[in-house]
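Below is one structure, written out as structure tokens, with a few remarks after it.
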Amino acid sequence: MAERLHVIDDDDGLREALAFLLEVNGIDARFYESGDAFLAALPVEEGCLLTDVRMPGLTGLELVRELKARGLEMPVVVMTGHGDVPLAVEAMKAGVVDFIEKPFGDDVLIDAIRAAFERLNDRSEPEESRLAAQARLAPLSRRERDVLAGVVEGKLNKVIAYDLEISPRTVEIYRANLMSKTGARNVAELMRIALAAGL
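Last residue of the sequence shown? That's 259 in the working numbering, and every number before it is there in order.
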């Protein structure tokens with residue numbers, strides 16, 4: 061990868077560990093201790109962003125929104141030790157490429173970063189992306205689409221169950237079907253597909 065990865069995390073130990081991991085995998089990275097430090101360094105080389113969510117000063121999601129407000133479109137991977145569905149939904153709606161929870165395996169992180177670089181280099185039309193996402197959702201039943209709509213809104217299983225007048229266990233089954241039928245590896249990817257399809 062010729063482009064640069066910009067890594068933002070307030071944890072010195074994690075930045076050191078990431079520096080080693082990224083170097084071993086041939087990823088050129090620059091490190092920042094906060095979102096404010098990254099903004100102060102602008103303009104930076106074209107690339108992707110890997111950021112923690114909860115940090116002093118700007119949070120990772122606030123940083124993503126600030127970059128968009130400035131017209132800077134960088135593929136972003138968000139990492140957090142405090143993952144939950146509403147936070148993942150908020151991150152996906154803010155436009156992040158992936159949302160990974162700490163602790164994560166090295167391969168999970170490297171795959172997410174590579175996906176971000178693919179997004180950076182993907183010059184396909186938005187219409188193509190929308191059609192591809194819609195094709196992945198085509199096999200879903202009406203009820204599975206109802207459950208997906210609840211997931212996109214960030215609702216918990218029990219709330220989706222209440223809204224649809226089904227049991228929480230049935231919602232879990234539908235969610236498993238959603239993952240299987242769309243080929244999504246995780247909730248973040250499922251959210252990306254749904255949002256790209258216009259849901």
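Glycine included, every Cβ here is placed at the ideal spot set by N, Cα and C.
- Taking the C-beta atoms as reference points, L121 is found nearer than 8 Å to A151.
- In the DSSP annotation of this structure, the continuous segment of the beta strand (DSSP E) that includes L109 starts and ends at G107 to D112.
- Here the C-alpha atom of K241 lies approximately 23 Å from the C-alpha atom of A176.
- The segment 100 to 115 makes contact with the segment 66 to 84; the number of CB pairs closer than 8 Å reaches 3 or more.
- The C-beta distance from K153 to M139 rounds to 18 Å, too long to fall under 8 Å, and the pair is not in contact.
- Out of Y234, E83 and I160, the CA that lies nearest to the CA of L110 is found in I160.
- When DSSP states are grouped into helix, strand and coil, M115 belongs to the coil group.
- With distances taken between CA atoms, G73 lies nearest to F91 out of L224, F91, I173 and S189.
- A89 is bridged by DSSP to L65.
- Just so you know, the alpha carbons of Q194 and R114 end up roughly 33 Å apart.
- Taking C-beta atoms under 8 Å as the contact rule, D96 and L118 qualify, at a distance of about 6 Å.
- Look at F159 here: in three-state DSSP terms it is strand.
- The segment 227 to 239 makes contact with the segment 200 to 218: 3 or more CB pairs, one atom from each, lie closer than 8 Å.
- Contact between D70 and D112 holds: their C-beta atoms lie close to 7 Å from each other, under 8 Å.
- The shortest CA-to-CA distance from A77 to any of V137, G165, D206 and L127 is the one to G165.
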